[in-house]
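Q:
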Amino acid sequence: MNLFKRKPYVETHPHRQPERHFNQKVPDNMFIQCPHCKEGAYYKAFGAFRVCPNCGYGMRLKAQERLDMLTADYTPWDTELQTKDPLNFPGYDQKLAKAQAATGLNDSVWTGEARIAGANVALGIMDPFFIMGSLGTITGEKITRLFERALNKQLPVVIFTASGGARMQEGMPALMQMAKISQAVARHSAAGLFYLTILTDPTTGGVTASFAMQGDIIAAEPHTLVGFAGRRVIEQTIHKKLPEDFQSGENLQKHGFVDSIVPREKLGAFIAQVVRLNQPEEE
Amino acid sequence: MAQKKTAAEVVQAARSADKISTKTLINGLFNDFVELHGDRNGGDDPAIIGGIARLGNRAVTVIATQKGETVEEKIATHYGDPEPEGYRKALRLMRQAAKFNRPIITLINTAGAYPGADAEAHGQGEAIAALLQASYDLPVPFIATIFGEGGSGGALALACADEVWMFENSIYSVLSPEGFASILWKDSTRADEAAGLMKLTPNDLLDMKIIDTIIPEPANQDRLLKNLKKKLLLKLADLSQLSGEELIQKRLARFREF
Ligand SMILES: [Zn+2]
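Line by line, the protein sequences are chains R and V.
587 is the number of the first residue of the first sequence in this note's numbering; add one for each residue after it.
-18 is the number of the first residue of the second sequence in this note's numbering; add one for each residue after it.
1) Tell me the rounded alpha-carbon separation between residue 835 of chain R and residue 708 of chain R.
2) Please determine whether the Cβ atom of residue 66 of chain V lies at a distance below 7 Å from any heavy atom of ligand 1.
3) If you reduce the DSSP assignment to three classes, tell me which class residue 691 of chain R lands in.
4) What do you reckon, are the CB atoms on residue 770 of chain R and residue 721 of chain R nearer than 8 Å?
5) Assess contact between the segment -16 to 1 of chain V and the segment 144 to 158 of chain V, defined as three or more Cβ pairs (one per stretch) separated by less than 8 Å. Is contact present?
6) Go through the segment 749 to 817 of chain R residue by residue and report every complete run of the alpha helix (DSSP H) that reaches 4 residues or more, in order.
7) Can the beta-carbon of residue 736 of chain R be found closer than 8 Å to that of residue 113 of chain V?
8) Contact between the segment 97 to 109 of chain V and the segment 740 to 759 of chain R: three or more CB pairs below 8 Å?
9) Once DSSP output is grouped into helix, strand and coil, what is the label at residue 149 of chain V?
10) Note down, in chain order, every chain R residue with its Cβ under 9 Å from the Cβ of residue 155 of chain V.
11) In chain order, what residues of the segment 103 to 130 of chain V put their CB closer than 9 Å to some CB of chain R?
12) Within 10 angstroms of the Cβ of residue 93 of chain V, are there 16 or more other Cβ atoms? Answer buried if so, exposed if not.
13) Can the beta-carbon of residue 60 of chain V be found closer than 8 Å to that of residue 138 of chain V?
14) Thinking C-beta only, is residue 758 of chain R closer than 8 Å to residue 106 of chain V?
15) So who's on the other strand from residue 701 of chain R, going by DSSP bridges?
16) Could you give the residue range of the beta strand (DSSP E) that holds residue 669 of chain R?
17) With a CB to CB cut of under 8 Å and the five nearest residues on each side skipped, what residues in its chain are close to residue 179 of chain V?
18) Would you say residue 179 of chain V faces chain R, with C-beta separation under 8 Å as the test?
19) At the level of alpha carbons, what is the spacing between residue 199 of chain V and residue 188 of chain V?
20) Can you give me the C-alpha to C-alpha distance between residue 790 of chain R and residue 783 of chain R, rounded to a whole angstrom?
21) Let me confirm a value: residue 648 of chain R is counted as buried when at least 16 other C-beta atoms fall within 10 Å, else exposed. Which label applies?
22) Might you give, ordered along the chain, the residues of its own chain that have their beta carbon closer than 7 Å to the beta carbon of residue 216 of chain V, omitting 5 neighbours on each side?
23) Nearest-angstrom Cα distance between residue 142 of chain V and residue 16 of chain V?
24) With distances taken Cα to Cα, identify the nearest neighbour of residue 102 of chain V among R:726, R:815, R:823, R:677.
25) Quick one: what's got a C-beta closer than 6 Å to residue 904 of chain R's C-beta in the same chain, skipping five residues either side?
26) Grab the span of the alpha helix (DSSP H) containing residue 34 of chain V for me, first residue to last.
27) Quick one, which of R:655, R:623, R:778 has its alpha-carbon nearest residue 853 of chain R's?
28) Closer than 7 Å: is that where the CB of residue 144 of chain V sits relative to any heavy atom of ligand 1?
29) According to DSSP, residue 834 of chain R sits in a beta bridge with which residue or residues?
30) So which residues of chain R does residue 186 of chain V contact, with C-beta pairs closer than 8 Å?
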């Protein structure tokens, strides 16, 4: 079963407007509240990139939606892999089937080769709607293979992170993915190849503590939740309320962990720009 | 070795107040231990003890989490939950070990990385991520032993090793059984039931090849230490037959299996 067929080559532009097909079910005059600033606006005002007109927060996207915003020229990889359910976890197969049906993915990340604003990259997009973007064994395998193939093809890697952390339904084999991916990142890096991470809402737990923080360049969308521990756990531990924006990309940037906050509509151009600047000079 | 305890009993034993302390382990296994402090970046986290010592006649680098024995120590170490400064100290000492071709021995007993506000602001995620990546370029033998709790990424950070061992009464898990139960059933009191599902005991993890060996834990600590020391010496002799490059390739292959 090939979930996504390769689409014909289409020249992409840095400010290309995404197709609207995934939005068509929502009427333009529907009033919605921004989850970040709580201001209300008509659905239409969020535009094709689904960005709050008031604060710039980007609504959470399925991987396929984000892919369509970035490019129409891509080849998916490893769409067939299926988890072995290492804990024989009760009810997990139904949960997976539901997530697969909702996202069109075999697990919580889309991987493949893509051309973004003229730049060829190995691309990973995590899907926050697939069991909270949790890192399972297949997520880990797909991301590891992404780096391995990128190494073979001498391609840069771009990953959009979005995750609740290691997937508890897969137990320790899920945790091991953090080590496996990190070693693949290290090998890719040792070959002088470029890795860009783009933190999207929410990036937490084991993903933050592994490949999300291993990019040569780390960017974030505006008002992205980024953290290691959960907010409630921290508040219970230190018996204090945390400031509202404590675990934001903006706050992490102040502390030196994020290179750049990039609005969603500029991400395609940003990716192409930094990929080109990090390409080895031609002799 | 038969594991007769239930998973919940193993969890309890892993957290027991009678659990051997980090200092007893270090003093019992090594000679000439010299503690080395600091991450060279403005901090020193007492939840991680690091230093150099002799194991048999070989110089080694020792990195261990510690829960602390006195009330003051327990507060200072957050009951053994490291902060980013601790992980950065560990990384510094691992790189130092690589420079001087010293094997690395880690001893792990932590519920996990400390979930504090400063820890977040100082990059807990980045500090752990850096350690996970470092396992790619440490061309020296590396043995990790979990002797109590092996809590999630905070334990894995010190366990991307050639060999991962667990004490008979220890656990290694994605999150605590209490956390697991409260997320899954919104009821942390069902932790015992969660423990049974999670496959967090040494026997379960040996079956899944997450770990390589189970260390028996007799009540007599001298016997425990003598046996563990013997095993470490044998395995180090074994691993030392390999070149740095061979060690790294074997380590990558070990984790690539998961
Ligand atoms: Zn808003």
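Ideal Cβ positions, reconstructed from N, Cα and C, are used throughout, including at glycine.
The structure displayed is predicted, hence computed values, not measured ones.
A: Looking at the coordinates:
1) 24 Å
2) Every heavy atom of ligand 1 is 7 Å or more from the Cβ of residue 66 of chain V, so no.
3) Coil at residue 691 of chain R, not helix or strand.
4) no
5) With a cut-off of 8 Å, the segment 144 to 158 of chain V and the segment -16 to 1 of chain V count as touching, because enough Cβ pairs lie within range.
6) Counting only runs of 4 or more, we get 757 to 776, 791 to 794.
7) no
8) no
9) In the structure shown, the three-state DSSP call for residue 149 of chain V is coil.
10) 751, 752, 753, 754, 756, 757, 758, 760, 761, 792
11) Going along the segment 103 to 130 of chain V in chain order, one finds 103, 104, 105, 106, 107, 108, 109, 110, 111, 112, 113, 114, 115, 116, 117, 118 with a Cβ nearer than 9 Å to chain R.
12) buried
13) no
14) no
15) In the DSSP assignment, residue 701 of chain R forms a beta bridge with R:706.
16) Premise fails: residue 669 of chain R is in no beta strand (DSSP E) and is neither H nor E.
17) -12, 154, 155, 158, 161
18) yes
19) 22 Å
20) 14 Å
21) buried
22) 124, 144
23) 22 Å
24) R:815
25) Nothing in the structure corresponds to residue 904 of chain R, since chain R is present only between 587 and 869.
26) Membership of residue 34 of chain V in any alpha helix (DSSP H) is not indicated; the residue belongs instead to the beta strand (DSSP E) covering 29 to 36.
27) R:655
28) no
29) Answer is R:811, bridged to residue 834 of chain R.
30) 758
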